[in-house]
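K.L.:
First the structure, which I've put down as structure tokens, then a few questions once you've had a look.
2 protein chains.
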Amino acid sequence: MTVPVIRVAPSAANRAVSLLRTIQFTHPPNCPCHTNPGHHHHNQRQQISLANNVRRHLATPTDPSQQKEYAFEMAASSIRFGPGATKEVGMDFKNLGAKRVCIVTDTNVAQLDAMKQATEGLAREGVEFTVFDKVRTEPKDSSIKEAIAFAKPYNPDAFLAVGGGSVIDTAKLMNLYTVFHDADFLDFVNAPLGKGLPVTKPLKPLVAVPTTAGTGSETTGTAIFDLVSKKAKTGVAHRALKPTLGICDPLNTRTMPSAVHASSGLDVLCHSLESYTAIPYYERKPRPTNPINRPAYQGANPISDIFSLNALRSTVKYLPRAVRDPEDFEAQEQMLLAATLAGVGFGNAGVHLCHGMSYPISGQNPGYKHAGYNVDHPIIPHGVSVAVTAPAVFRFTAASNPDRHLEAAEAFGVDISNVKRESAGEVLGEAIAKFLVSLGDQPRGLKELGFSSADIDGLVEGTIPQKRVLMLAPSLSEELNAEKEELRTLFENSLEY
Amino acid sequence: MTVPVIRVAPSAANRAVSLLRTIQFTHPPNCPCHTNPGHHHHNQRQQISLANNVRRHLATPTDPSQQKEYAFEMAASSIRFGPGATKEVGMDFKNLGAKRVCIVTDTNVAQLDAMKQATEGLAREGVEFTVFDKVRTEPKDSSIKEAIAFAKPYNPDAFLAVGGGSVIDTAKLMNLYTVFHDADFLDFVNAPLGKGLPVTKPLKPLVAVPTTAGTGSETTGTAIFDLVSKKAKTGVAHRALKPTLGICDPLNTRTMPSAVHASSGLDVLCHSLESYTAIPYYERKPRPTNPINRPAYQGANPISDIFSLNALRSTVKYLPRAVRDPEDFEAQEQMLLAATLAGVGFGNAGVHLCHGMSYPISGQNPGYKHAGYNVDHPIIPHGVSVAVTAPAVFRFTAASNPDRHLEAAEAFGVDISNVKRESAGEVLGEAIAKFLVSLGDQPRGLKELGFSSADIDGLVEGTIPQKRVLMLAPSLSEELNAEKEELRTLFENSLEY
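So the protein sequences, as listed, match chains A and B. Heads up, the first sequence is in my numbering, so the first residue is 1211 and it goes up one at a time. Heads up, the second sequence is in my numbering, so the first residue is 1211 and it goes up one at a time.
See below:
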């Protein structure tokens, strides 16, 4: 093949660009410069993405369906962070001009000081409100519809969510379907299960006050629930759903039991690891023809990277302390901040395999009840179900970008100076497994959750509908049979670690 | 003194908290644990701020005027980044439902491809627009008022700014005073020169397309201008002014001459250095009684820190390349990203001495005309006027937080492993001076701008009204005469470096 090999030394980027102008219509589509984003500069991922921008801009295929993404968009809620900040929320609604606020919570949180502060704040400012406290943990479409049916006749001009991710997600959907009063429930639900329509009108103001340090839902435009008829976790994901303001008040997470600290912290761990290792945004296709169709889960990008890596480092440092010592308020505060930072990271980059595989794990629970959860039914907490496959997942994905996986391993305290790039997956997988074991009370694989080899086909089938996150998974095949085979291997390798 | 000395080992934070519960009403106000936030954990600034949160929460004075801040709030525009993204802007306005767009630009930018892409985009979508192209570089109140007078009768439902910081700032104020149609111009101008009223209504959508990589104005709620009657730079600063969306299109900054790359890059350098070293948010007082009065320039905080430090590292790495080679598009893209990141950093933390002192330097220009600027009048570009005092400023501020200043020095490539904390200022000042010299064509002090010792009184007097930034300056005295003396010394030490 006679295509010129372009070696872009930093000082010669301009020459490479001129060269590309010349060759853009002549080189074959499998030129290594274009299929392997790490080809030119190893160890400088952020630099790569932007250098590639220039090349991609000049070498865009003319067939729109083959065009990859060329831009990324970062959006996040405003975040207020401070112990005691919940009590300001009444003034916020008054400042927003709100006159009828729908407060969304669950029966547990309704008893906590966070709700007391919020309702007293609204009352003090004379802002009328009503309380919906029937949010279901791990919402189903039926529980969401019940919540929407509550909100519609009240016709609030603003929403306040006080609770964990289930509460905040439910509030987002109450807001969406109150504004789009006549929409069919599936209109905005992620394709292929729903129609995945874009949100074309601004929603009402929503203030979110998280009481757990995990989902980061206070910063994202994502709302997740079980679509029971399809036996699948899905949701709605659009920037327009993101709260106006997230109030992160560390006084509100002190009520979490140690086991909840642990599992919600593992959600943060996987948000940061998955978003940092998701395919880069410029490998996603097709390029949207209208910016309103650019997904929030758009792949790793230079701004999400900053949030994800920072959240990962904090989680490694503070989660063990927050789990071990219920009075280590500093570690709890740091985990609340890390959860929010990771929320901005994955809220704009996306998650991939751990999350995609976690939904059938939770949904097909053979009867496991996690220690420390005071419920009367079997439960695999979300954070546990995402983390249990993490050692196997990152062993598998490392080949796509060894440098990035080594950086993640370094965040766990591994000395990577003499680690070969081929060993990145092994080293990161081992570091994650050690971290999970050190937290205590974590299942060492799917077997301890009660799964066996016989369950794997079902788990694979339950993962396949998670297109929106699987498309961001590095190293995963696009062809369905190959993809299933890879998922099967990942579940098998997750039976024990 | 019999107050117990509290040594908070990480694992004993909980015990310290219990102890503080006991002693909070008994220890004297000058207990070193409370006046020196770095007392307990050296080298772990982020950790400190949150650990101190707990202590501050438990030891709040009851006199409101003495209460320091306890929360911070991060707000930033959505950012879309990609080469060619400008052409999407017509669809953005259509998606927003806009029907009459006021485009704001200046006569130079009006000729550039950025404007062509923007106007063609709007036309393609059938969105009506008008163009105001009379923005003055370094706007004055009179030029802003002229722009507002243009916008009011057109009554746009959205604004589009295409240009540098002057254009974007002018557009913010056109938006503000079109919405607050009958407000007096000084109502929202920063106190003490204006009334500093909070912005109590949402403004119209504003999309900002920067054509320089410097001000970061596309992400901030700040607009700066000369208030001629008071001979002072001032402005309006409120989160409500921030653009809805910033479109950072690296194709738009390729038109910048090398000298403009350099001076706008020095603005980024100082944004990141000043915001990273500003007083921490929890040292600011008084605590606002309503969150709407929490300033955007609130002091360094754990989220702004991430942006500021990242932008600083990028600037050190890419600015010299962007200045040296006009075809180094990768370095230019990285600087555009760094400018935006620094914008989020300083837009939520603030700037301090370099910016405060720069306004009289530019305003009292004895006749200096910067090389590479094709204008027919003397000019000290904003970036040059902020950077010229930087070596002296950070020598002075280092005592307030040596660890943070050492980290900044490390970003310049200094090996700090054997540097004593007492030398932090010397080392950082020296690193900045070397960096400025290496860029070329930079004045080595105020003398080269034509200032002499005789001008210093005037420069000090011109700095004093910059309360909003001076209040964030570490190490600066609160008492007026001492403050003037310190500023005098800083200007003297900036005569030559």
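From the three backbone atoms N, C-alpha and C, an ideal C-beta is built for every residue, glycine too. Here the structure is a predicted model, which is why all the values come from computation and not from measurement.
Any C-beta of chain A within less than 8 Å: which residues of the region 1287-1301 of chain B qualify?
P.N.:
Within the region 1287-1301 of chain B, the qualifying residues are S1288, I1289, R1290, F1291, G1292, P1293, G1294, A1295, E1298, M1301.
K.L.:
Ends of the alpha helix (DSSP H) at K1304/B?
P.N.:
Residues 1299-1306.
K.L.:
Which same chain residues, not among the five before or five after S1468/A, have their C-beta less than 7 Å away from its C-beta?
P.N.:
If we look at S1468/A and ignore the five residues flanking it on each side, its Cβ neighbours are V1533, P1536, G1582.
K.L.:
Do the CB positions of L1616/A and V1629/A come within less than 8 Å of each other?
P.N.:
Against a cut-off of 8 Å, the Cβ pair of V1629/A and L1616/A comes out as a contact.
K.L.:
Under DSSP, the alpha helix (DSSP H) around I1642/A begins and ends at which residues?
P.N.:
Start and end: 1634-1649.
K.L.:
In whole angstroms, give me the CA-to-CA distance for F1520/A and L1551/A.
P.N.:
The sequence shown places Asn at residue 1520/A, not Phe. Roughly 8 Å separates the two Cα atoms.
K.L.:
By the criterion of Cβ-Cβ separation under 8 Å, what are the contact partners of I1378/A in chain B?
P.N.:
The contacting residues do not exist; I1378/A stays about 18 Å from chain B at best.
K.L.:
In the DSSP assignment, what are the bridge partners of L1455/A?
P.N.:
Paired residues: S1288/A, V1417/A.
K.L.:
Can you give the beta carbon distance from G1431/A to A1549/A, rounded, assuming they're within the 8 Å contact cut?
P.N.:
With 8 Å as the limit, G1431/A and A1549/A do not qualify as a contact, their Cβ atoms being about 16 Å apart.
K.L.:
Count Cβ pairs between the region 1406-1424 of chain B and the region 1349-1358 of chain B that sit closer than 8 Å; are there 3 or more?
P.N.:
No contact exists between the region 1406-1424 of chain B and the region 1349-1358 of chain B.
K.L.:
Check each residue of the region 1542-1569 of chain B: if its Cβ is closer than 8 Å to any Cβ of chain A, include it; give the result in chain order.
P.N.:
If the cut-off is 8 Å between Cβ atoms, the region 1542-1569 of chain B has E1543, Q1544, L1547, L1551 near chain A.
K.L.:
State the Cα-Cα distance for the pair N1500/A and G1331/A, rounded to the nearest angstrom.
P.N.:
So the alpha carbons of these two residues sit roughly 41 Å apart.
K.L.:
K1495/A: which of D1273/A, K1278/A, T1272/A sits nearest, CA to CA?
P.N.:
If we check each option's Cα against that of K1495/A, K1278/A comes out closest.
K.L.:
Straight-line CA distance for K1309/A to A1320/A?
P.N.:
Roughly 22 Å between the two C-alpha positions.
K.L.:
Using a Cβ-Cβ distance under 8 Å, would P1501/A count as near chain B?
P.N.:
So yes, P1501/A belongs to the interface.
K.L.:
Between the alpha carbons of P1612/A and F1539/B, how many angstroms are there, rounded?
P.N.:
Each residue's Cα considered, the two are about 27 Å apart.
K.L.:
Taking DSSP as the reference, what is the three-state secondary structure of D1392/A?
P.N.:
Coil.
K.L.:
In whole angstroms, what is the alpha-carbon distance linking C1243/A and P1498/A?
P.N.:
Only weak support is given to the placement of C1243/A: the predicted model assigns it a pLDDT of 32, under 50, and the value that follows is read from those uncertain coordinates. So the two alpha carbons sit approximately 23 Å from each other.
K.L.:
Taking G1445/B as part of the alpha helix (DSSP H), name the residues at either end of that continuous run.
P.N.:
Not the alpha helix (DSSP H): G1445/B falls in the beta strand (DSSP E), residues 1442-1447.
K.L.:
Measure from the alpha carbon of D1424/A to the alpha carbon of each residue in F1390/A, S1376/A, P1415/A, then state which is nearest.
P.N.:
Contrary to the premise, residue 1424/A reads as Gly rather than Asp in this sequence. Of F1390/A, S1376/A, P1415/A, the residue nearest in Cα terms is S1376/A.
K.L.:
Considering only C-alpha positions, which residue in the set T1329/B, I1313/B, T1315/B is nearest to K1297/B?
P.N.:
That would be T1329/B, whose Cα lies nearest to the Cα of K1297/B.
K.L.:
Determine the direct distance from the alpha carbon of V1341/A to that of G1623/A, and round the result to whole angstroms.
P.N.:
Distance between the alpha carbons of G1623/A and V1341/A is about 46 Å.
K.L.:
Per DSSP, what are the beta-bridge partners of L1184/A in this structure?
P.N.:
Since the first residue of chain A shown is 1211 and the last is 1707, residue 1184/A is not available in this structure.
K.L.:
Which residues, in chain order, does the region 1405-1429 of chain A contribute to contact with chain B at a C-beta distance below 9 Å?
P.N.:
The region 1405-1429 of chain A vs chain B, Cβ under 9 Å: P1408, T1410, K1411, P1412.
K.L.:
Determine the chain B residues that contact Y1486/A at a beta-carbon separation under 9 Å, and present them in chain order.
P.N.:
None at all; the shortest Cβ gap to chain B is about 14 Å.
K.L.:
When the Cα atoms are used, what is the spatial distance from A1621/B to M1325/A?
P.N.:
Computed Cα separation, rounded: 44 Å.
K.L.:
For F1339/B, write down the residues that DSSP places opposite it in a beta bridge.
P.N.:
F1339/B is bridged to V1311/B.
K.L.:
Quick one: grab the DSSP three-state call for G1248/A.
P.N.:
Caution is warranted here: a pLDDT of 35 is assigned to G1248/A, below 50, making its placement in the model unreliable, and the coordinate value is therefore given only provisionally. Residue state, collapsed to three classes: coil.
K.L.:
Exposed or buried, what is T1525/A when buried is set at 16 or more other beta-carbons lying within 10 Å of its beta-carbon?
P.N.:
Under this definition T1525/A is a buried residue.
K.L.:
For a contact meaning CB atoms closer than 7 Å, what does I1516/A contact in chain B?
P.N.:
Per Cβ cutoff of 7 Å: I1516, N1520.
K.L.:
Return yes when the Cβ of C1564/B is within less than 8 Å of the Cβ of V1603/B, no when it is not.
P.N.:
Yes, the pair counts as a contact, with Cβ atoms nearer than the cut-off.
K.L.:
So the candidates are A1450/A, A1359/A, V1478/A; which of them puts its Cα closest to the Cα of S1287/A?
P.N.:
Nearest option by C-alpha distance: A1450/A.
K.L.:
For the candidate residues N1365/A, A1368/A, T1380/A, D1367/A, whose alpha-carbon lies nearest to that of K1344/A?
P.N.:
Residue T1380/A is the option with its Cα nearest to K1344/A.
K.L.:
Which residues in chain A sit within 9 Å of F1282/B, going by Cβ to Cβ distance?
P.N.:
Here the neighbours are I1289, R1290, F1291, G1292.
K.L.:
Counting only beta-carbon atoms, is A1581/B nearer than 8 Å to chain A?
P.N.:
Answer no: the Cβ-Cβ gap between A1581/B and chain A never drops below 8 Å.
K.L.:
Buried or exposed for Q1276/B, please, with buried defined as at least 16 other CB atoms from any protein chain shown within 10 angstroms of its CB.
P.N.:
Looking at its Cβ environment, which holds fewer than 16 other Cβ atoms inside 10 Å, Q1276/B is exposed.
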